[in-house]
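Here the sequence shown stands for residues 180 to 521, where the numbers follow this note's numbering.
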Amino acid sequence: MQLYLDSYGAWLGVKNGMFVVKNRGSDQKHFFAVRTVRAIYLSNGVGVSTGALWLAMRNEIPVLLVNHMGQAEGQVWSGQFGSIATIRKQQAIFSAHPKALEWLQHLMLQKIKHQKALLHKFEKQKDVPEAYRQQLPQTMQVMQNMEERFANWKYPTLPIKPQEIWNQATASFRGWEGNASKFYFKSLATLLPPQFAYTGRSRHPAYDPFNSLLNYLYGMTYSMAYLALLQAGIDPYCGVLHADEFNKPTMVYDFVEIYRHWADETAILLCKNLQLDAELDFDSSEAEGVRLNNRSKNVVISAFLQLTEEIITYKKQNRKRITHMQLDAYRLATMFKQFKPE
180 MQLYLDSYGA
190 WLGVKNGMFV
200 VKNRGSDQKH
210 FFAVRTVRAI
220 YLSNGVGVST
230 GALWLAMRNE
240 IPVLLVNHMG
250 QAEGQVWSGQ
260 FGSIATIRKQ
270 QAIFSAHPKA
280 LEWLQHLMLQ
290 KIKHQKALLH
300 KFEKQKDVPE
310 AYRQQLPQTM
320 QVMQNMEERF
330 ANWKYPTLPI
340 KPQEIWNQAT
350 ASFRGWEGNA
360 SKFYFKSLAT
370 LLPPQFAYTG
380 RSRHPAYDPF
390 NSLLNYLYGM
400 TYSMAYLALL
410 QAGIDPYCGV
420 LHADEFNKPT
430 MVYDFVEIYR
440 HWADETAILL
450 CKNLQLDAEL
460 DFDSSEAEGV
470 RLNNRSKNVV
480 ISAFLQLTEE
490 IITYKKQNRK
500 RITHMQLDAY
510 RLATMFKQFK
520 PE
């Protein structure tokens with residue numbers, strides 16, 4: 180279980196050796212046994228006792244501080260590394276090596292594969308709009324073309340400077356991925372009810388309710404990926420594709436690409452099933468754009484945490500989604516540890 184507190188005035192404490200959560204304006208307390216909690220996420224405006232932090236640290240339960248978009252900004256840490264330094268040393272070497280581009284290539288292929296699988300999943304539902312069925316063939320063709328470009332990419336053997344190769348490859352990868360995602364979201368848009376209609380992706384700020392919802396869910400996914408990397412002994416700030424973004428968790432941005440479809444699925448279902456109201460559940464301002472309000476956050480957080488606890492088959496293993504993410508992080512750490520530059 181993951182405790183995710185994002186309601187202003189909520190409080191996390193300890194009683195009788197258990198975590199206790201109390202919401203603002205309510206006398207009701209919710210108790211959670213230590214053995215059932217695997218991670219705690221705290222947003223701005225949430226109160227916490229030092230007893231709760233001590234209990235978490237003593238039981239090696241990570242506590243992450245997240246911003247208003249659900250993204251991790253830091254961690255309450257015991258000061259002890261959970262893995263050997265070799266992983267992080269090798270990661271730094273790997274991130275600037277040609278093999279990193281091959282890893283990125285594989286990552287993008289996985290991302291498109293997951294996106295296509297989600298589109299087919301929605302296609303099988305009974306109440307699929309006709310507009311979705313009409314748009315899907317074109318989307319699938321474009322995504323197949325981009326998938327083939329990724330699959331056929333090879334590290335150049337021509338006498339080109341390594342930095343030029345790197346720049347050309349990452350530019351191509353961004354272009355191919357961007358083109359595939361453009362049509363992917365074009366198809367997803369046809370699934371939405373009129374009140375959640377949107378014309379394209381907008382990030383920070385979001386200009387419509389659906390993009391606001393999607394951005395928040397991506398933030399939650401980033402936080403989970405951040406935690407998975409830390410627990411595997413990987414430096415979240417040493418990435419490949421996003422390596423030029425100073426003081427940002429660039430490895431998180433790379434690693435999370437193959438899990439974004441979790442957020443996409445949650446957002447579509449929440450809107451499609453009318454579990455959110457475009458007028459009542461979102462606030463807007465000229466400076467911050469459209470944002471989820473407190474009325475809707477509990478619904479969104481609950482839905483996404485429920486999805487991450489769902490058992491699925493992935494890499495021939497039946498595990499919870501969140502467990503698969505952690506196992507992927509451990510595999511990545513093993514790859515770094517065993518990496519030998521040629």
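For glycine and all other residues, C-beta sits at the position ideal for the given N, C-alpha and C.
Here the stretch 331 to 340 makes no contact with the stretch 294 to 305; the two share fewer than three CB pairs at distances below 8 Å. Ser366 is the residue among Gly253, Leu243, Ser366, Thr349 whose C-alpha sits nearest the C-alpha of proline 308.
Three or more Cβ pairs closer than 8 Å define a contact, and the stretch 181 to 190 meets that threshold against the stretch 480 to 489. Glycine 398 is a Cβ neighbour of glycine 249, given a cutoff of 7 Å.
Spanning the alpha carbons of leucine 221 and threonine 502 requires a straight line of approximately 21 Å. In this structure, leucine 459 lies away from leucine 283, with their beta-carbon atoms at least 7 Å apart.
Runs of alpha helix (DSSP H) with 4 or more residues, each lying fully within the stretch 443 to 520, are found at 473 to 487, 500 to 517, listed in chain order. Boundaries of the beta strand (DSSP E) harbouring glutamate 252: 251 to 255, taken from the DSSP string.
Here DSSP, grouped into helix, strand and coil, assigns phenylalanine 425 to coil. With respect to aspartate 414, glutamine 270 sits close: the two C-beta atoms are nearer than 7 Å. A residue is called buried once 16 or more other Cβ atoms fall within 10 Å of its Cβ, and leucine 471 is buried on that count.
Within the same chain, Cβ atoms closer than 6 Å to the Cβ of alanine 359 are found at Ile291, Met322, Met325, the five residues on either side in sequence being excluded. Non-local C-beta neighbours of phenylalanine 273 in its own chain, meaning closer than 7 Å and more than five positions away in sequence, comprise Ala279, Phe515, Phe518, ordered along the chain.
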